[in-house]
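Asker: In terms of the working numbering, the sequence shown opens at residue 52 and continues consecutively. Just so you know, even glycine gets a beta-carbon here, dropped at the ideal spot from N, CA and C. None of the values given here were measured: they were computed from a predicted structure.
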Amino acid sequence: MPIQPSVEQLTRQPAESASSQNRPDAAPSSASASTNRALSQLTSVSELADVQPTDWTYRALQSLVERYGCIVGYPDGQFKGQRALSRFEFAAGLNACLDRISELIAASTEDAMTQEDLAAANRMREEFALEIALIRGRLDGLEARLNEIDANQFSTTTTLRGNAIFAVSDVFGEGDRNQTVFQHREKLSLLTSFRGSDLLSLSLYAGNSSLGNLDAATPYTGAFDLAGDDTGLVKVSTSEGTLSSSFAGSTGDAIQALTLSYSFPVGRSADIVLAHSLTPFQLYAPTLNPYLSDSENGTGAISVFGEQNPIYTLADGGTGIVANFRFFDDLVQLTAGYLADGLAVGDPSSGSGLFNGGYGALGQITVNVTSDFSIAGVYMNQYSPAGQFGFNYNGLGITGTAVANRLAGQQSLAIDSSPVITNAYGAQFNWQPSSRFSISGWFSTFYSRLIGQGDGNILTYALTFAFPDLGRQGDLLGLVVGAEPYLTRMGGDPQDFDVDVPLHIEAFYRYRINDNIFITPGVIWLTAPNQSNNNPDSVIATLRTTFMF
52 MPIQPSVEQL TRQPAESASS QNRPDAAPSS ASASTNRALS QLTSVSELAD
102 VQPTDWTYRA LQSLVERYGC IVGYPDGQFK GQRALSRFEF AAGLNACLDR
152 ISELIAASTE DAMTQEDLAA ANRMREEFAL EIALIRGRLD GLEARLNEID
202 ANQFSTTTTL RGNAIFAVSD VFGEGDRNQT VFQHREKLSL LTSFRGSDLL
252 SLSLYAGNSS LGNLDAATPY TGAFDLAGDD TGLVKVSTSE GTLSSSFAGS
302 TGDAIQALTL SYSFPVGRSA DIVLAHSLTP FQLYAPTLNP YLSDSENGTG
352 AISVFGEQNP IYTLADGGTG IVANFRFFDD LVQLTAGYLA DGLAVGDPSS
402 GSGLFNGGYG ALGQITVNVT SDFSIAGVYM NQYSPAGQFG FNYNGLGITG
452 TAVANRLAGQ QSLAIDSSPV ITNAYGAQFN WQPSSRFSIS GWFSTFYSRL
502 IGQGDGNILT YALTFAFPDL GRQGDLLGLV VGAEPYLTRM GGDPQDFDVD
552 VPLHIEAFYR YRINDNIFIT PGVIWLTAPN QSNNNPDSVI ATLRTTFMF
C-alpha cells in the first residue's frame, strides 16, 4: 500500500466501499476492461488462439483477416467470439472494414474484391448508416470536449480538487449554555505529479469554526468537575465530541495551508514522504478505519474521535519525513516517521527548530492477515514544550477530556510551565467480512511525564461499525462506541484518583444525493463529560452537508 495519499484518496467520493464493484472511481470489471483495451491487427486467422479450423466461422474470419485485413484480435491473442456484441460495437467494426475496402478499391488492386462482396458491403453500409453517423458524432463531441479542457486547464501537471462543508449543530443537556451554530469549512487540494509515481500535495483550508473556544461545537462548558468530587468545580472547555467538520476550520475565514507534502517511491517496496506545515501522521499511516476516516473530505465520521485512533493526534503534526516499507507482497507494512512542531520548525531561537522543539516520532507495523482482516501495532514518542501538550493543535485539543489534555487531576499541576514527554502504545484492527459491513477498533495507552511534576496515564479505546451502501449505493450508516482519551492517574497513588469513564456513543447516516453532494445527520451522546458523573450528560446533534468538486 503506498503511503502517499493518491488523488483518489484525497478526493474520493464516499460511494467507495471495500469492494471495488461499489466504487464509482473503481477500475472496470474484467469484461468491460477487455472491451476497452486496444486491439492488435492480425495478418493470419491462425493468430487467434480461440478460433479453430473446425469452427463454422473459420472460413468467414479467414477471408476477413487474410483477404481484407479488417478484423483485429485482443492483446491476449483471442477473438472472444462468444461475447455479446452491441449494434454500436458492430457498427464500429463494420466501419473499419468498409474503410479498408475503400482503400483497396482506391489502390485498384487486382481482384481486391468481387462484385458480390462489393454489393454486400454497400448493403451493410446502408443498414448501419445511422449507427456509424452516431459514432462519428460522439467522436466529434469528445474531441470538442477535450479541446475545451486543454484550452481551460490551468496546469498540465496539477489537478484541483476540493470540498465545502456546511453544518448546523447544537448541544443538548442539563444546564447547557451553547447556542445553535451554522459552521462551514472549505478545503482545496492541489495535487501535482511530475513523473506519474510521485505526488506533491498542498491542502488549503478556510472556515468559521472555533477550536480555541469549543463551546459552540462541543458539550456544556460551565462548572466541570476536574477532581472527580464536588470540591473541584472549574469552568473549563472539554474537547470531547469535537465535530470532524470543525477540524482545520478555525481560520476565521482566512485561507490557511494545513498540509504540504511531496511523496515518491524508492524502489518497488518503499515510499518516502517529505512533509511540511501541519501535516498529521494519519494521512500516511494505515489507520485501519476505512469508511469513517476519509482524509477530511467530510464524508466519514461526524466526530474527530470517530475517524481514527487518537494516538495519531497526540503529535501536533508538522515538518519531517515519513517512510513506508512493504514486505512479503505487501502482507506486512512498516511505517516510520518524525514530525517536528509545524509552528516552531522555522523559528531559530532556543527550544525551537527542526530538532530542538516539539516533535512526534512514530513507528507502526501493519499486517494484512487476510484480504479482509488487518491488524497494526503503533508506538509514539512525543515531546511537548510547556503549555503545548494535548491531542493536537498545540494544547488546544480536538479530542479527549479537558483533564487528559491538561494532565490535571486532584492537584492542579503547572502544565503551562513544564514540558511533557510521552510514550504511547496502541493496537488496532479492521475486519471486513463482506462489502456491506466493516468493523474496526483500537486501544491506546499513554504514559506522560510532566517534567518536574509527576507521571500520568491516559487511556482511549473504541469500536466502529460501518454499513456501506445501506439502503442505496453510496449511503453509509456509521456507529462509534468508545472512550475518548481520559486521565486515569496523575502522580501519587492510583487508588486515590477517582475516575468515571467518559463514554462516546455516535451514530450517523450519510445520504448520497449524487456523486458530489451528501447529507449526513448524526448524534453524539457523551456520558460523564470530562470524566466525571457529576457533570450532566450531553447530546450533540448535527446536520452536515458536503459538496465535492
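1. Could you tell me whether the stretch 431-442 touches the stretch 404-418, where touching means 3 or more Cβ pairs closer than 8 angstroms?
2. Would you give the residue range spanned by the alpha helix (DSSP H) that Arg457 belongs to?
3. Distance, Cα to Cα, Phe376 vs Pro337?
4. Between the stretch 528-536 and the stretch 551-571, can you find at least three pairs of beta-carbon atoms closer than 8 angstroms?
5. Can you tell me whether Tyr562 is helix, strand or coil according to DSSP?
6. Hey, could you find the ends of the beta strand (DSSP E) Ser491 is sitting in?
7. Within its chain, find whatever has a CB closer than 8 angstroms to the CB of Glu358; leave out the 5 residues flanking it on each side and keep chain order.
8. Going by beta-carbon coordinates alone, are Tyr430 and Tyr476 separated by less than 9 angstroms?
9. I'd like to confirm the pairing. Which residues does DSSP put opposite Gln307 in its beta bridges?
10. By the 10 Å Cβ neighbour count, where 16 or more other Cβ atoms means buried, how is Thr394 classified, buried or exposed?
11. Identify whether Val574 lies in helix, strand or coil by the three-state DSSP scheme.
12. Output needed for Thr496: all residues of its chain with C-beta closer than 6 angstroms, excluding positions within five of it in sequence on either side, in chain order.
13. Just how far apart, CA to CA, sit Ala143 and Arg151?
14. Taking only the alpha-carbon atoms, compute the straight-line gap between Phe205 and Gly369 and give it to the nearest angstrom.
15. Roughly how many whole angstroms lie between the Cα atoms of Tyr313 and Tyr389?
16. DSSP state of Asp201, grouped into three classes?
17. Grouping DSSP H, G and I as helix and E and B as strand, with all else coil, what is Asn432?
18. Hey, Gly414 and Ala387 are a contact pair by Cβ (cut 8 angstroms); roughly how many whole angstroms apart?
19. Is it right to say Phe442 is buried, meaning 16 or more other beta carbons lie within 10 angstroms of its own, or is it exposed?
20. Are the CB atoms of Asn214 and Thr593 nearer to each other than 9 angstroms?
21. Would you identify the three-state DSSP class for Ser425, choosing helix, strand or coil?
22. Report the partner residues of Thr210 according to the DSSP bridge assignment.
23. Look at the alpha carbon of Tyr271 and the alpha carbon of Asp249, and state the distance between them as a whole number of angstroms.
24. Would you list the residues sitting across from Asp392 in a DSSP beta bridge?
25. Measure the beta-carbon distance from Thr310 to Leu329 and round it to whole angstroms, keeping in mind my assumption that it falls under 8 angstroms.
26. For Glu378, which three-state DSSP category applies?
27. Considering only the alpha carbon of each residue, which of Val420, Gly192, Asn259, Gly503 lies closest to Ser301?
28. Quick check on the DSSP output: the beta strand (DSSP E) that includes Asn481 runs from which residue to which?
29. Between the Cα of Gln582 and those of Ala299, Leu253, Val574, Val454, spot the shortest distance and give me the residue it belongs to.
30. Between which two residues does the beta strand (DSSP E) containing Ile591 stretch?
31. So Asp322 is in the beta strand (DSSP E); what residue range does that whole segment cover?
32. Tell me the DSSP bridge mates of Asp506?
33. Ends of the beta strand (DSSP E) at Thr539?
34. Can you pull the DSSP bridge partners for Ser515?
35. Thinking C-alpha only, which one of Gly503, Phe480, Ser499 is nearest Ser468?
Answerer: Let me spell this out:
1. yes
2. 453-457
3. 12 angstroms
4. yes
5. strand
6. 488-501
7. Ser295, Gln333, Thr338, Asn340, Leu343, Ser344, Asp345, Gly351, Ala352
8. yes
9. Tyr256
10. Just to set this straight, residue 394 is Leu in the shown sequence, not Thr. Leu394 comes out buried.
11. strand
12. Tyr476, Leu510
13. 13 angstroms
14. 29 angstroms
15. 15 angstroms
16. helix
17. strand
18. 5 angstroms
19. buried
20. no
21. strand
22. Leu242
23. Any reading at Tyr271 needs caution, since the residue's pLDDT is 35, under 50, leaving its predicted position unreliable; the model's value is listed next. Near 46 angstroms, if we compare the C-alpha coordinates of Asp249 and Tyr271.
24. Gly369
25. 7 angstroms
26. One point to set straight first is that residue 378 is Phe, not Glu, in the sequence displayed. Note: Phe378 maps to strand in three-state DSSP.
27. Asn259
28. 471-485
29. Val454
30. 589-599
31. 321-330
32. Arg500
33. 527-541
34. Per the sequence shown, the amino acid found at residue 515 is Thr instead of Ser. Answer is Ser491, Val531, bridged to Thr515.
35. Gly503
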